[in-house]
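Rendered as structure tokens:
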């Protein structure tokens, strides 16, 4: 809204995020992994663009997260192709490593249970992300009651 004066950002405490992630895993393993990565504070559009090669293990694992395309910039196309390091837990890194095993480095890191990508990663206007958005909204409402 152009005349909005109140920010709608909601910051969830760690306990609520953990419950949200656990509920997502309980619904579907692929959705759980997707929501777990969203727990890094990244946007769905960023998480959907992660590639296998963006996963970096070791003692301090991280994801090379695509930058958000949000905002106005003369260099938006360049910005969305840049990557920034986002730390992840060892447990999340292990889960991601398992789903990445045996797949090409340039393949999408996260897939739905049906093998399709999340969101509009293919640029063809697919609505695959609708499932995640609906599920996330449902879990958010249930957990915040």
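Residue numbers (the working numbering): -6 to 138. Positions of the beta carbon are idealized from the N, C-alpha and C atoms, including for glycine. Predicted model only: the values in this text are computed from it and were never measured.
- Burial is judged here by how many other beta carbons sit within 10 angstroms of a residue's own beta carbon; residue 42 has at least 16 and is buried.
- The straight-line gap separating the alpha-carbon atoms of residue 57 and residue 10 is approximately 22 angstroms.
- By the CB criterion at 8 angstroms, residue 81 and residue 33 fall inside the cutoff.
- C-alpha of residue 5 to C-alpha of residue 12: approximately 11 angstroms in a straight line.
- DSSP lists 58 as the bridge partner or partners of residue 77.
- In the three-state scheme derived from DSSP, where H, G and I count as helix and E and B as strand, residue 110 is classed as strand.
- Collapsing the DSSP output to three states places residue 89 in a helix.
- Within the model, the alpha-carbon separation for residue 110 versus residue 46 is close to 16 angstroms.
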